[in-house]
Amino acid sequence: MKYSIAALLALATCVTSIPVRRDVDPNLVPEFGHQSGLNPTGTGDCDGIPNASGVPIKIPCSCPPDRTSFIQELNANVAARHVINNPTVGISFPTDNSTASQLARINAAAVTLQNLKGPGVGCPIVSTTF
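In mature numbering (1 follows the signal peptide of the UniProt record, and there is no 0), the protein residues as written are -17 to -1, 1 to 113.
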């Protein structure tokens, strides 16, 4: 009986000590800095971020995606610890304010953006100001 109670208490301790996976804090997700659908040409491309000469780089008009769906995709990737649509790419999303953590969050956002629909099938990084 003593061993049964001890085993039950040990199991309860293990279950309660397992960390709960939470969604990423939207305030820590970098803003795109650009809206989708600017100056469409009629062939599926729109104006993106300007290049060094000030000329907008052409990007798909659907890029960047709306923030809500992007954060949902980012949450799924962070929970899986890799990009779901490109499992060879591992990611992390640390929440402290160190430079390394900020760079890791930018990387997680960038690879999520670039792999939205499959490996390398997403929005180019030039559709943001990351």
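Where is the CB? At the ideal position from N, CA and C, for every residue including glycine.
Quick caveat, the model's predicted, so the values are computed rather than measured.
- With contact defined as three or more Cβ pairs closer than 8 Å, the region 83 to 100 and the region 63 to 71 are in contact.
- Restricting attention to 52, 15, 9, 61, the CA atom closest to the CA of residue 112 is found in 15.
- When 24, 76, 27, 40 are compared, the shortest CA-CA separation from residue 62 is found for 76.
- Judged by their CB atoms, residue 54 and residue 109 are not nearer to each other than the 9 Å cut-off.
- Nearest Cα to residue 74 within the set 81, 20, 92, 51: 92.
- Restricting attention to beta strand (DSSP E) runs no shorter than 3 residues, the region 16 to 99 encloses them at 28 to 33, 39 to 43, 69 to 73, ordered along the chain.
- DSSP lists no bridge partner for residue 103.
- Shown here for residue 106: same chain residues with a beta carbon closer than 6 Å to its own, the five before and five after excluded, namely 46, 47, 96 in chain order.
- The three-state secondary structure of residue 12, taken from DSSP, is coil.
- The three-state reading of DSSP puts residue 109 in helix, counting H, G and I together.
- Distance from residue 57 to residue 7 at the Cβ level is roughly 6 Å; contact confirmed, criterion being Cβ atoms closer than 8 Å.
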